[in-house]
Amino acid sequence: MLAGKRILLVIGGGIAAFKSLDLIRRLRERGAHVTPVLTRAGEQFVTPLSVSALAGSKLYRDLFDLTDEAEMGHIQLSRSADLIVVAPATADLMAKMAQGRADDLASTLLLATDTPVLVAPAMNVRMWQHAATQRNMALLRGDGIGFVGPNEGDMACGEFGPGRMAEPMEIVAAIEGQFAEGPLVGKHVLVTSGPTHEPIDPVRYIANRSSGAQGTAIAAALRDLGARVTFVTGPAVVPAPEGVDVQRVETAAQMLAAVEAALPADAAVFAAAVADWRVANAAGQKMKKDGSGKAPELEFAENPDILARVSKMAAGRPGLVVGFAAETDDVIAHATAKRLRKGCDWIVANDVSPATGIMGGAENAVTVISDKGPESWPRMGKAEVAQRLAARIAQSLGS
Ligand code: C5P
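Last residue of the sequence shown: 580 (my numbering), numbering continuous.
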């Protein structure tokens, strides 16, 4: 898939730059041509010699290098690639991209290009979570820039949290996703998946038994048809698919924010089992028994209905909105009413009563309800349900 593809790799200044050396190797193993660009800060973490030796190509470093300008101007350099990958993308580099600044070779290339760009952020957890960085990310997404990572984990600075650069093979999968072929190439599809966790106090929460299996399979099937997929997932049991933009959330409120930030989309599939209520009086500290025998009283507040909100958006509504309805009785009647109430285009209804073994199981038996009425599919694996649904979505977006 990557054979013969030309990738311009911008290496920013972060400790994760060492992983970019492995990324170069992996890309070349797959037949890609890698042209590296190393920022000044990047040079503090990896040497120009190792980057250019691994890439087997000239390394570009300076904006005003007369030889480079004579051989290949920066505009030409930015456009001769099939894809620009920024890995690691520092907070500073993201800020420059978001503002359209062009004060060094990397930022100038990124501003001058009309080539798709994929960004792999890497930074300290606080820098990642800072409102400014989140704002920049939202701006960049809106500009059509793809993201892979960051992941959560231990950081070189000793802290823990989101900010670690995605692993080289995850970046390779995301790059392959950019070159995917299929009926959904050029389409952006949003998928929600998994349960939500609604805190009671800092250590306890209310959850549900959703494994995330069906939503994950749907995201993978859409990716395989060439879609750019944003996958907004609660804390699921099943690992997120590779080659999609994973947004991890815990609560329904966070899921809504992530969904809104991911729009616009051509289609949206809401497979998440979102908690209907959150604890309104969640405690800031761990609740303790006080010996009186008195149990705490939880008060509940209704969560936003993400599916209904997106379905009823006045402007910017995805062209196709698909909801799910997990029912235990009178499935088709309840789901038909739900489709109208929520305002979505299709509802995928299934019977999750314990006897079916569907919740948490490998199979699913669904009825897809559209304006043409219900259509029941035979019981089949969740991956097959996902593939059929993805094919239907492709058909609908193509017509
Ligand atoms: O109302 P109910 O939870 O049965 O509806 C299920 C559908 O609505 C699913 O597609 C689910 O993802 C979505 N939903 C949502 N936000 C909520 C509750 C449900 O998006 N707060």
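Note that the Cβ used here is the ideal one computed from N, Cα and C, for glycine as well. Remember, it's a predicted structure, so these values are computed and weren't measured experimentally.
Could you give the distance in angstroms between the alpha-carbon of residue i and the alpha-carbon of residue j?
i	j	result
Glu-544	Leu-403	19 Å
Lys-186	Arg-206	14 Å
Arg-409	Leu-190	20 Å
Leu-570	Ile-399	8 Å
Met-561	Ser-391	18 Å
Leu-286	Ile-196	20 Å
Asp-471	Pro-383	18 Å
Thr-397	Ala-452	9 Å
Leu-247	Thr-271	Note that Leu-247 has pLDDT 49, beneath the 50 cutoff, so the model's placement of it is unreliable and no number is given.
Ala-434	Leu-219	39 Å
Gln-359	Phe-328	11 Å
Met-308	Ala-514	49 Å
Ala-312	Ala-575	36 Å
Met-540	Thr-377	16 Å
Gly-497	Ile-326	18 Å
Pro-445	Ala-276	21 Å
His-255	Val-418	46 Å
Arg-260	Val-455	43 Å
Thr-373	Asp-447	14 Å
Ala-388	Thr-296	42 Å
Leu-202	Gly-223	12 Å
Lys-563	Asp-526	21 Å
Trp-558	Ser-233	54 Å
Leu-299	Thr-509	43 Å
Lys-519	Asp-486	12 Å
Glu-340	Met-278	26 Å
Ala-268	Asn-484	37 Å
Lys-493	Arg-429	24 Å
Pro-343	Asn-332	5 Å
Gly-542	Ala-401	18 Å
Ala-439	Thr-432	11 Å
Pro-535	Ala-283	59 Å
So what's residue i in DSSP terms, helix, strand or just coil?
i	result
Gly-396	helix
Gln-568	helix
Asp-526	coil
Ile-196	coil
Ala-184	coil
Gln-466	coil
Ile-387	strand
Lys-563	helix
Leu-247	For Leu-247, the pLDDT reaches just 49, beneath the cut-off of 50, and the residue's location in the model is therefore unreliable, leaving the point undetermined.
Asp-426	strand
Val-410	strand
Leu-240	coil
Ser-534	coil
Thr-220	coil
Ala-514	helix
Glu-431	coil
Ser-551	strand
Taking C-alpha atoms, which residue in the options lies nearest to residue i?
i	options	result
Glu-556	Thr-517, Ala-575, Lys-563 and Leu-578	Thr-517
Arg-385	Ser-261, Asn-462 and Gly-541	Asn-462
Ala-449	Asn-305, His-214 and Leu-437	Leu-437
Ser-551	Ala-262, Phe-505, Gly-344 and Gly-424	Phe-505
Ile-528	Val-549, Ser-534, Ala-489 and Gly-541	Val-549
Gly-194	Ser-259, Gly-363, Asp-273 and Ala-213	Asp-273
Ala-301	Ala-262, Ala-354 and Ala-312	Ala-354
Arg-221	Leu-235, Asp-243 and Arg-209	Asp-243
Leu-501	Phe-226, Val-491, Gly-424 and Phe-341	Val-491
Met-468	Trp-458, Arg-345 and Leu-479	Leu-479
Ala-482	Trp-458, Leu-371 and Phe-199	Trp-458
Ala-184	Lys-200, Arg-211 and Ser-201	Arg-211
Gly-375	Gly-342, Lys-368, Pro-416 and Ala-337	Pro-416
Met-182	Val-460, Leu-521 and Glu-362	Glu-362
As an exercise, report each continuous beta strand (DSSP E) stretch of at least 3 residues that is fully enclosed by the region 472-510, in chain order.
481-483 and 501-508
Runs of beta strand (DSSP E) lying entirely within the region 309-381, each at least 3 residues, in chain order
332-335, 341-345 and 369-374
Please list, following the chain, all residues that have a C-beta closer than 5 Å to any non-hydrogen atom of ligand 1.
Phe-451, Ala-453, Val-455, Asn-484, Asp-486, Ile-487, Leu-488, Gly-504 and Phe-505
Quick check for students: name the residue ranges of the alpha helix (DSSP H) that lie wholly in the region 258-308, counting only runs of 4 or more.
272-280 and 286-293
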